[in-house]
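Student: Chains A and B supply the protein sequences, listed in that same order.
For what it's worth, numbering that gives the first Met the number 0 labels the leading residue of the first sequence as 0, then goes sequentially.
For what it's worth, numbering that gives the first Met the number 0 labels the leading residue of the second sequence as 0, then goes sequentially.
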Amino acid sequence: MRTAVSSLQLLQPRTVQDALRMLRDEGPLTPLAGATDLYVALNFGTLTEIRFLNLWGLDPLRRITLRDDLLSIGALATYTDMIRSRLVRRRVPMLVSAAREVGGRQIQNRGTLGGNVANGSPAGDTLPVLAAAEAIVVLRSAQGERRVPFREFYTGYRTCVRRPDELIVAFEIPPVEGRQWFRKVGTRAAQAISKVVMAAVRGPRSRIALGSVAPTVIRLFRLEEALAAGAGMEDALRLLEKDIHPIDDLRSTEAYRRDVTANLLRRFWRETADSG
Amino acid sequence: MRFTLNRSEVELEVHPMARLLDVLRDNCGLTGTKEGCGEGECGACTVLVNGAAVCSCLVPVAQVEGAEVVTIEGLGDEHPLQRAFMDEVGAQCGICTPGMVLTAVTLGHRPSLAKIREGLAGNLCRCTGYEAIYRAIHRAS
């Protein structure tokens, strides 16, 4: 299919400073990273934005570093960058698991962590990982920088606290204590949008996050507290029933998602029993 | 804008948001790169950008400014993988083949069957059942 691009506009900053200035002075602009979501929306006729800011050449936003025990992953780091990064593999293996299943190699080479978060799909594979890892979103504007805990980043279905003049520049991930666990349930291991996705940590402070079962990614705080207080799996499953709000859509049904989510929770708890 | 295409410099006047796929086929006349799904699922439009396999249907041409792009034509007809695909009959209708071959180029020396399968997860073939494709890659790498 030929895609009509003539109505689209692309601004091309040379530096991050340039990009921030353009966001402030020439907005509204939609930041564009690996473009893996853009043309899909354009083909479907669901693309509402027409003015874009090309971030792809801004290499400083690709860095993955460790400073003061905080892992910082640049927003422009691709799934391939994360899979290859020794730091990410060592500190957040569940993020590598998510990156490996996000699509084929071609998508892993282009899709970015910042793009996955900014796109804000409730099915985004990396979002439960960032939620379970208690990541911090680093937002920068021409005026300065601020840090937002990931749990406060989304305000509803595909809406978030990022201001139009701000850019997601990095994610900071504190050390994650305990055993990390990730499962994506979809029609195919790679290359399929998830029906349910779960990232979790079993340890001194166990954490459980889910995608595709509510308008945004969710952390199961009540359930985590109950398990920490010694609740059994049956009680946990009753809490789970109340905390998730899956829907019927083209990928799955509410009933199936409820069943699968319960199975994932059981499986996580069983498989990590020796880390509790 | 400029980039390197199959080891030659090209300079084009194109819309920055034009898909790399359309620029290759319509502006450069290289029709070896095929369009399948147009949404990054099938891998038929795979090309190499700076050595990495990407779906050219999802790349705004502005993002290959200064980059090295290799299409199936860039392998020059005599690449061992092309020969092996023919010998093993790793193609039927042929639409997926250029993308399969280019993704296979990135798998490195002697990949295991598991590596080949994982590496080709983003390339769909509706004809062959994949076995002949895996054999071809195994034989050529």
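Backbone N, C-alpha and C define an ideal beta-carbon position, used for all residues, glycine too.
Given the structure is predicted, the values throughout are model-derived calculations rather than measurements.
Smallest Cα separation from Leu80 of chain B: which of B:Ala120, B:Asn26, B:Gly107, B:Gly128?
Tutor: If you number the second sequence from 1, residue 80 of chain B lands on position 81. Of the listed residues, the one whose Cα sits closest to Leu80 of chain B is B:Gly107.
Student: Using Cβ-Cβ distances below 7 Å, what residues of the segment 89 to 115 of chain A are close to chain B?
Tutor: Gly102, Gly103, Arg104, Gln105, Ile106, Asn108, Arg109
Student: Name the two residues that bound the continuous alpha helix (DSSP H) containing Trp276 of chain A.
Tutor: There is simply no residue 276 of chain A to check, as chain A begins at 0 and stops at 275 in what is shown.
Student: Round the Cβ separation of Met93 of chain A and Gln179 of chain A to the nearest angstrom and send it over; I've been treating them as touching at under 8 Å.
Tutor: Position 94 of the first sequence holds residue 93 of chain A. Position 180 of the first sequence holds residue 179 of chain A. About 4 Å separates the two Cβ atoms, so the contact holds.
Student: Consult DSSP for Lys183 of chain A and reduce its assignment to one of helix, strand or coil.
Tutor: Taking the first sequence and counting its residues from 1, one reaches residue 183 of chain A at position 184. Lys183 of chain A falls in the strand class under three-state DSSP.
Student: Listed from N- to C-terminal order along the chain, which residues in the segment 25 to 44 of chain A have their beta-carbon within a distance smaller than 7 Å of any beta-carbon of chain B?
Tutor: Of all residues in the segment 25 to 44 of chain A, those with a C-beta nearer than 7 Å to a C-beta of chain B are Ala34, Thr35, Tyr38, Val39, Asn42, reading in chain order.
Student: Within the 7 Å Cβ cut-off, does Trp55 of chain A reach chain B?
Tutor: Taking the first residue of the first sequence as 1, we reach residue 55 of chain A at position 56. At least one chain B Cβ lies under 7 Å of Trp55 of chain A.
Student: If contact means a Cβ-Cβ distance below 7 Å, which residues of the segment 39 to 65 of chain B contact chain A?
Tutor: Gly39, Glu40, Gly42, Thr45, Ala51, Ala52, Val53, Cys54, Cys56, Leu57, Val58, Pro59, Ala61, Gln62
Student: Could you check what DSSP says for Asn49 of chain B in three-state terms: helix, strand or coil?
Tutor: As a first step, residue 49 of chain B is located in the second sequence; it is residue number 50 there, counting from the start. Coil, per DSSP.
Student: Once DSSP output is grouped into helix, strand and coil, what is the label at Thr154 of chain A?
Tutor: Within the first sequence, the letter at position 155 stands for residue 154 of chain A. Strand, per DSSP.
Student: Any idea if Ala117 of chain A is buried or exposed, counting beta-carbon neighbours within 10 angstroms, 16 or more meaning buried?
Tutor: Counting from one through the first sequence, the residue named residue 117 of chain A turns up at place 118. The residue is buried, with at least 16 neighbouring Cβ atoms inside 10 Å.
Student: Per DSSP, Pro110 of chain B is paired with what?
Tutor: Here the question's residue 110 of chain B lines up with position 111 in the second sequence. None, per the DSSP bridge assignment.
Student: For Cys124 of chain B and Lys241 of chain A, what's the separation of their Cα atoms in angstroms?
Tutor: Within the second sequence, residue 124 of chain B is the residue found at index 125, counting from 1. Within the first sequence, residue 241 of chain A is the residue found at index 242, counting from 1. The alpha-carbon separation between Cys124 of chain B and Lys241 of chain A amounts to approximately 42 Å.
Student: Please work out which residues of its chain come closer than 8 Å, Cβ to Cβ, to Ile94 of chain B, disregarding the five sequence neighbours upstream and downstream, and give them in chain order.
Tutor: Within the second sequence, the letter at position 95 stands for residue 94 of chain B. Lys33, Gly35, Ala43, listed in sequence order.
Student: So, at 6 Å on beta carbons, what are the nonlocal neighbours of Val104 of chain B in its own chain, with the 5 sequence-adjacent residues on each side left out?
Tutor: Along the second sequence, read from residue 1 onward, the residue named residue 104 of chain B stands at position 105. Contacts found: none.
Student: The alpha helix (DSSP H) with Pro79 of chain B in it runs from where to where?
Tutor: Translated into the one-based positions of the second sequence, residue 79 of chain B becomes position 80. Where Pro79 of chain B is concerned, the enclosing alpha helix (DSSP H) stretches over 79 to 86.
Student: From the DSSP secondary-structure annotation, give me the bridge partner or partners of Ile63 of chain A.
Tutor: Along the first sequence, read from residue 1 onward, the residue named residue 63 of chain A stands at position 64. For Ile63 of chain A, which the question treats as bridged, DSSP gives the partners A:Ile72.
Student: Do you know how far the Cα of Ala261 of chain A is from the Cα of Glu10 of chain B?
Tutor: If you number the second sequence from 1, residue 10 of chain B lands on position 11. If you number the first sequence from 1, residue 261 of chain A lands on position 262. When rounded, the distance between both Cα atoms is 56 Å.
Student: So Ala191 of chain A and Phe267 of chain A are in contact, right, with Cβ under 8 Å, and what is the actual spacing, rounded?
Tutor: Translated into positions along the first sequence, residue 191 of chain A becomes position 192. Translated into positions along the first sequence, residue 267 of chain A becomes position 268. Ala191 of chain A to Phe267 of chain A, Cβ: 21 Å. No contact.
Student: Check whether the segment 79 to 90 of chain A touches the segment 31 to 44 of chain A, taking contact to mean three or more Cβ pairs, one atom from each stretch, closer than 8 Å.
Tutor: no
Student: For Ile49 of chain A, does the count of other Cβ atoms within 10 angstroms reach 16, so buried, or fall short, so exposed?
Tutor: Counting from 1 along the first sequence, the entry for residue 49 of chain A is found at position 50. By the neighbour-count rule (16 or more Cβ atoms within 10 Å), Ile49 of chain A is not buried but exposed.
Student: Would you be able to state if there are at least three C-beta pairs under 8 Å between the segment 55 to 68 of chain B and the segment 10 to 23 of chain B?
Tutor: yes
Student: Would Met85 of chain B pass as an interface residue toward chain A - the criterion being a Cβ-Cβ separation below 7 Å?
Tutor: Locating residue 85 of chain B in the second sequence gives position 86, counting from the first residue. No, because no Cβ of chain A sits closer than 7 Å to the Cβ of Met85 of chain B.
Student: So if I threshold CB-CB distances at 7 Å, which residues from the segment 200 to 211 of chain A count as touching chain B?
Tutor: none
Student: Thinking C-alpha only, which one of B:Gly50, B:Ala113, B:Val63, B:Ser7 is nearest Pro15 of chain B?
Tutor: For the purposes of this step, residue 15 of chain B is identified with residue 16 of the second sequence, where counting begins at 1. Looking at the Cα atoms, B:Val63 is the closest of the given residues.
Student: Any C-beta of chain A sitting closer than 7 Å to the C-beta of Gly73 of chain B?
Tutor: The residue you call residue 73 of chain B lines up with position 74 of the second sequence. Output row for Gly73 of chain B: interface = no.
Student: Determine the contact status of Arg48 of chain B and Val68 of chain B, defining contact as a CB-CB distance below 7 Å.
Tutor: Here residue 48 of chain B corresponds to residue number 49 of the second sequence, with the count starting at 1. Here residue 68 of chain B corresponds to residue number 69 of the second sequence, with the count starting at 1. According to the sequence shown, residue 48 of chain B is Val rather than Arg. Yes, these two residues count as a Cβ contact at 7 Å.
Student: Any chance the segment 147 to 163 of chain A sits against the segment 229 to 247 of chain A, with 3 or more Cβ pairs inside 8 Å?
Tutor: Verdict: no, contact absent.
Student: Distance check for Cys27 of chain B and Phe2 of chain B, CA to CA, integer angstroms please.
Tutor: For the purposes of this step, residue 2 of chain B is identified with residue 3 of the second sequence, where counting begins at 1. For the purposes of this step, residue 27 of chain B is identified with residue 28 of the second sequence, where counting begins at 1. Those two C-alpha atoms are separated by around 12 Å.
Student: Short of 7 Å Cβ to Cβ, which residues in the segment 6 to 17 of chain A face chain B?
Tutor: Cβ contacts with chain B: Leu7, Leu9, Gln11.
Student: If I'm right that Ala132 of chain A touches Val91 of chain A with Cβ under 8 Å, what's the distance once you round it to whole angstroms?
Tutor: Residue numbering aside, residue 132 of chain A sits at position 133 when the first sequence is read from its first letter. Residue numbering aside, residue 91 of chain A sits at position 92 when the first sequence is read from its first letter. By a beta-carbon distance limit of 8 Å, Ala132 of chain A contacts Val91 of chain A. Their separation comes to about 6 Å.
Student: For Thr186 of chain A, which option in A:Gln11, A:Tyr255, A:Trp55 has the closest C-alpha, if you only look at C-alpha atoms?
Tutor: Taking the first sequence and counting its residues from 1, one reaches residue 186 of chain A at position 187. Checked all of A:Gln11, A:Tyr255, A:Trp55; the closest Cα to Thr186 of chain A is A:Tyr255.
Student: Using the DSSP secondary-structure output, state which residues sit across from Val147 of chain A in a beta bridge.
Tutor: Counting from 1 along the first sequence, the entry for residue 147 of chain A is found at position 148. In the DSSP output, where bridge partners are listed per residue, Val147 of chain A has A:Val136.
Student: Answer with yes or no whether the minimum CB distance from Met0 of chain B to chain A is below 7 Å.
Tutor: Stepping through the second sequence from its first residue, residue 0 of chain B is reached at position 1. So, not an interface residue.
Student: Assuming the contact rule is C-beta atoms closer than 8 Å, Ala51 of chain B and Asn53 of chain A should be a hit. Round their C-beta distance to whole Å, please.
Tutor: Locating residue 51 of chain B in the second sequence gives position 52, counting from the first residue. Locating residue 53 of chain A in the first sequence gives position 54, counting from the first residue. So it is not a contact: roughly 18 Å between Cβ atoms.
Student: Quickly, what does DSSP pair Ala169 of chain A with across the bridge? List them, please.
Tutor: Along the first sequence, one-based indexing puts residue 169 of chain A at 170. In DSSP, Ala169 of chain A forms a bridge with A:Gly73, A:Val137.
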